[in-house]
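For reference, the structure is listed below as structure tokens.
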């Protein structure tokens, strides 16, 4: 039985238009960070507030990222969080930035995101990465295998399988030809069936050249993790553009970059806040992951020379300061990379600081207020 063609995304399901005085569209990446003295419930409540603020102020999309075994990051289950946010928003695009494909069976992801598409028709993105989003031991527990490179090596095959489940177009004779991801296209071909014409567009995520080249070859949109791999940003985007082949999804390249940014009412406070996030990264990189510390704890911490060197390097790639300083830094970064979209992530101990940062950035770019979410 031939499945309907769901491979072509509507142009506005990938590309976006800049608003206010921004040179490119602005979006949000939420790690659902948990600060010391706070709970995961507090963090998820902040995510609801932030998604509504982002929708109200004209940010284009709101993505959550899959991480595991990190006390300060509560985004272990993107599909669950996105379902919650879908119930509190009506217009903003929601997506994964990303789901780590090797951690999951492709059919499960197709079912989860088919369900999300049914909940929020026409506004769901499926961003996919090939890293585990955690340490090796946790990856082994997730994947039920000790061959930790297996998932990454198999990524192109897993991606092809997931795409066929989303489009319900396995060829006749394939072992999975009679298996259907539901909700999905099979419902439209069932007697009396009617199915949404949308299916979540696939994005490939990366922090090196592998996914950049693959996204270009397949003609898919690409998201690069500038916020933790800044030295690779320009080479990866160049590789993506050089490798790009037009597809049913895109006729020309479209790339966004994730950017760590923090705006406060004065520059000194921004410095205090990013030092707390930097201390959190020091602990993570040295095998001591924990809750995001307070600025006061960071001020009192005695950084070793090696830790201080890491912090200075890390904070170089955090666009921080007053709203005007952040706007200037983001504009310079966009010009330097040619990114088609900037996806901002604000890492701070306090949810209020994070919310205020996005408000300040929206004001700096004169993003319009749409009148609130009608959820």
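Numbering (this note's numbering), first residue to last: 287 to 661.
Here a beta-carbon is modelled for each residue, glycine too, at the ideal position from N, C-alpha and C.
Query raised in the report: Does the beta-carbon distance from residue 609 to residue 549 come in below 7 Å?
Result: Counting from one through the chain shown, the residue named residue 609 turns up at place 323. Counting from one through the chain shown, the residue named residue 549 turns up at place 263. Going by C-beta atoms, residue 609 is nearer than 7 Å to residue 549.
Query - N- and C-terminal bounds of the alpha helix (DSSP H) containing residue 367 - result: Position 81 of the chain shown, counted from the first residue, corresponds to residue 367. Residues 364 to 372.
Query - For residue 647, the three-state DSSP class (helix, strand or coil) - result: Stepping through the chain shown from its first residue, residue 647 is reached at position 361. In the structure shown, residue 647 sits in a helix (DSSP, three-state: H, G or I).
Query raised in the report: Tell me which same chain residues have a C-beta within less than 7 Å of the C-beta of residue 488, skipping the five on either side of it?
Result: Position 202 of the chain shown, counting from 1, holds the residue named residue 488. Counting only Cβ-Cβ distances below 7 Å, and skipping sequence neighbours, we find 412, 414, 449 and 506.
**Report entry** residue 643 to residue 374 span [Cα, whole Å]
**Finding:** Translated into the one-based positions of the chain shown, residue 643 becomes position 357. Translated into the one-based positions of the chain shown, residue 374 becomes position 88. If I take the Cα positions, the gap works out to 21 Å.
Query raised in the report: If we count the other Cβ atoms within 10 Å of its Cβ and call it buried at 16 or more, is residue 545 buried or exposed?
Result: Against the chain shown, residue 545 aligns to sequence position 259. Residue 545 should be labelled buried.
Query raised in the report: When the Cα of residue 510 is compared with those of 456, 614, 534 and 630, which residue comes out closest?
Result: Taking the chain shown and counting its residues from 1, the one referred to as residue 510 is at position 224. Here the closest residue by C-alpha is 630.
Query raised in the report: In three-state terms, what does DSSP make of residue 379?
Result: Stepping through the chain shown from its first residue, residue 379 is reached at position 93. Here residue 379 sits in strand by DSSP.
Requested in this report: Could you spell out where the beta strand (DSSP E) holding residue 543 opens and where it closes?
Outcome: Mapped onto the chain shown, residue 543 falls at position 257. Element bounds for residue 543: 541 to 549.
Query raised in the report: Going by other Cβ atoms of all chains shown within 10 Å of its Cβ, with 16 needed for buried, is residue 324 buried or exposed?
Result: In the chain shown, residue 324 corresponds to position 38, counting from 1. With 16 or more Cβ atoms within 10 Å of its Cβ, residue 324 is classed as buried.
**Report entry** Backbone secondary structure at residue 730 - three-state DSSP
**Finding:** Nothing about residue 730 can be read from this structure; the chain reaches only from 287 to 661.
**Report entry** Reduced DSSP category for residue 656 - H, G, I as helix; E, B as strand; rest coil
**Finding:** Along the chain shown, one-based indexing puts residue 656 at 370. Reduced to three states, the DSSP call for residue 656 is coil.
Query raised in the report: Where does residue 356 fall in DSSP's three states?
Result: Along the chain shown, one-based indexing puts residue 356 at 70. Reduced to three states, the DSSP call for residue 356 is coil.
**Report entry** Candidates 410, 475, 423 and 391: closest to residue 443 by CA position
**Finding:** Indexing the chain shown from 1 puts residue 443 at position 157. Closest by alpha carbon: 391.
Query - Own chain partners of residue 348 with C-beta closer than 6 Å, once the 5 adjacent residues on each side are dropped - result: On the chain shown, residue 348 is found 62 positions in, with the first residue counted as 1. Taking residue 348 as the centre and dropping the five residues before and after it, the same chain places the C-beta of 314, 337, 340, 378 and 380 closer than 6 Å to its C-beta, in chain order.
Report task. Can you give me the start and stop residues for the beta strand (DSSP E) that residue 415 sits inside? Result -> Mapped onto the chain shown, residue 415 falls at position 129. That run of the beta strand (DSSP E) goes 410 to 415.
**Report entry** C-alpha distance - residue 311 paired with residue 459, whole-angstrom precision
**Finding:** For this step, residue 311 is matched to residue 25 along the chain shown. For this step, residue 459 is matched to residue 173 along the chain shown. Going by the C-alpha atoms only, they are around 44 Å apart.
Requested in this report: Tell me residue 508's beta-bridge partners as DSSP assigns them.
Outcome: For the purposes of this step, residue 508 is taken as the residue at position 222 of the chain shown. Residue 508 is bridged to 490 and 541.
Query raised in the report: Which one of 542, 503 and 362 has the shortest CA to CA distance from residue 620?
Result: Residue 620 sits at position 334 when you count from the first residue of the chain shown. Comparing Cα-Cα distances from residue 620 to each of 542, 503 and 362, the minimum goes to 542.
**Report entry** Distance between residue 649 and residue 655 (C-alpha atoms, nearest Å)
**Finding:** What you label residue 655 is simply residue 369 of the chain shown in a count that begins at 1. What you label residue 649 is simply residue 363 of the chain shown in a count that begins at 1. Whole-angstrom Cα-Cα distance: 10 Å.
Query raised in the report: Once you ignore the five residues that flank residue 361 on each side, which residues in its own chain have a CB closer than 8 Å to its CB?
Result: Translated into the one-based positions of the chain shown, residue 361 becomes position 75. Correct list, in chain order: 316, 317, 318, 350, 351, 352, 353 and 367.
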